[in-house]
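Enquirer: The structure's right below; bear with me while I get my questions together.
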Amino acid sequence: MTYLWIGLLMLLSYFLGSIPSGLIIGKVFKNIDIRQFGSKNTGATNAIRVLGFKYGIFAFVFDMLKGALVILLVFLIGDTSLYLIGERQINISSIYGMVGVLGHVFPIYINFKGGKAVATSAGMIFAIEPLVAVIVLLIFLVMFLKTRIVSLSSTTAA
Numbered sequence: 742m743t744y745l746w747i748g749l750l751m752l753l754s755y756f757l758g759s760i761p762s763g764l765i766i767g768k769v770f771k772n773i774d775i776r777q778f779g780s781k782n783t784g785a786t787n788a789i790r791v792l793g794f795k796y797g798i799f800a801f802v803f804d805m806l807k808g809a810l811v812i813l814l815v816f817l818i819g820d821t822s823l824y825l826i827g828e829r830q831i832n833i834s835s836i837y838g839m840v841g842v843l844g845h846v847f848p849i850y851i852n853f854k855g856g857k858a859v860a861t862s863a864g865m866i867f868a869i870e871p872l873v874a875v876i877v878l879l880i881f882l883v884m885f886l887k888t889r890i891v892s893l894s895s896t897t898a899a
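Whatever position you read off the sequence shown (first residue = 1), add 741 for my numbering.
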């Protein structure tokens, strides 16, 4: 894969990750800007807090899909190469995924103020290592059932 393709996939990953799903869902379904409430960010946790579970779960799923879609696009295009970084080999798909996560945290569309990327990271992990994602999900669920605090559960699982 050429450097041009790598650069284009990085840009695509960033722009896809930058889509502020919580903000869009809040505007479309409740006509509110979730950045004005709760933790004032656009992520799924704040969307659940501000919009309620019914609409917030859509933001959560959309954010997870952003993380997974970046990885799936890379697999479809065929660049699952291992690259030498320092003394370690790394699958470049994880780098594309991290660029998507950075897009979620620093979205170009809304002045670089996004969410915490917990759901987006979970989607990325699920696409790369589904077993690890299941373990992380179990940690989240146990913590949430004990505390009923989404933000604490998300941070613990991350």
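Every residue gets a Cβ at the ideal spot worked out from N, C-alpha and C, and that includes glycine.
For a minimum of 3 consecutive residues, which ranges assigned as the beta strand (DSSP E) are wholly contained in the segment 781-853?
Expert: Runs of the beta strand (DSSP E) inside the segment 781-853: 823-826, 829-832.
Enquirer: From which residue to which residue does the alpha helix (DSSP H) around P871 run?
Expert: Your numbering for residue 871 matches position 130 in the sequence shown. 871-888 is the extent of the alpha helix (DSSP H) around P871.
Enquirer: What is the residue span of the alpha helix (DSSP H) that A898 lies within?
Expert: On the sequence shown, position 157 is the one that residue 898 refers to. Run containing A898: 891-898, per the alpha helix (DSSP H) assignment.
Enquirer: What residue from G838, L893, N782, L745 has the CA that sits closest to I869's CA?
Expert: For the purposes of this step, residue 869 is taken as the residue at position 128 of the sequence shown. Selected option, being the one with the closest Cα: G838.
Enquirer: If you draw a straight line from the alpha carbon of A858 to that of G784, how long is it in whole angstroms?
Expert: Translated into the one-based positions of the sequence shown, residue 858 becomes position 117. Translated into the one-based positions of the sequence shown, residue 784 becomes position 43. Straight-line Cα distance between these residues: approximately 7 Å.
Enquirer: Check the C-beta distance from A800 over to I760 and give it rounded, since I have them as a contact under 8 Å.
Expert: One-based indexing of the sequence shown puts residue 800 at position 59. One-based indexing of the sequence shown puts residue 760 at position 19. In fact, because the Cβ distance is near 11 Å, the residues do not count as touching under 8 Å.
Enquirer: So which of V883, A874, F881 has the shortest CA-CA distance to A809?
Expert: Stepping through the sequence shown from its first residue, residue 809 is reached at position 68. The option with the nearest alpha carbon to A809 is A874.
Enquirer: Taking the alpha carbon of A788 as the reference point, which residue from G748, T897, G856, L814 has its own alpha carbon closest?
Expert: Counting from 1 along the sequence shown, the entry for residue 788 is found at position 47. Taking only the C-alpha atoms, the option nearest A788 is G856.
Enquirer: Using C-beta distances below 6 Å, list every residue in its chain close to I851, excluding the 5 sequence neighbours before and after it, in chain order.
Expert: Locating residue 851 in the sequence shown gives position 110, where the first residue counts as 1. Only P761 meet the Cβ criterion.
Enquirer: Flag this pair as yes or no: are the beta carbons of I758 and I775 separated by less than 8 Å?
Expert: Locating residue 758 in the sequence shown gives position 17, counting from the first residue. Locating residue 775 in the sequence shown gives position 34, counting from the first residue. According to the sequence as given, residue 758 is Gly; it is not Ile. Taking 8 Å as the Cβ cut-off, G758 and I775 do not qualify as a contacting pair.
Enquirer: Looking only at its chain, what residues have a beta carbon closer than 7 Å to the beta carbon of L806, apart from the 5 residues adjacent to it on each side?
Expert: Within the sequence shown, numbered from 1, the residue matching residue 806 stands at position 65. The residues are G864.
Enquirer: Apply the 10 Å Cβ neighbour rule to L792 and answer buried if 16 or more other Cβ atoms are within range, or exposed otherwise.
Expert: Here residue 792 corresponds to residue number 51 of the sequence shown, with the count starting at 1. Classification of L792: buried, given that the 10 Å Cβ count is 16 or more.
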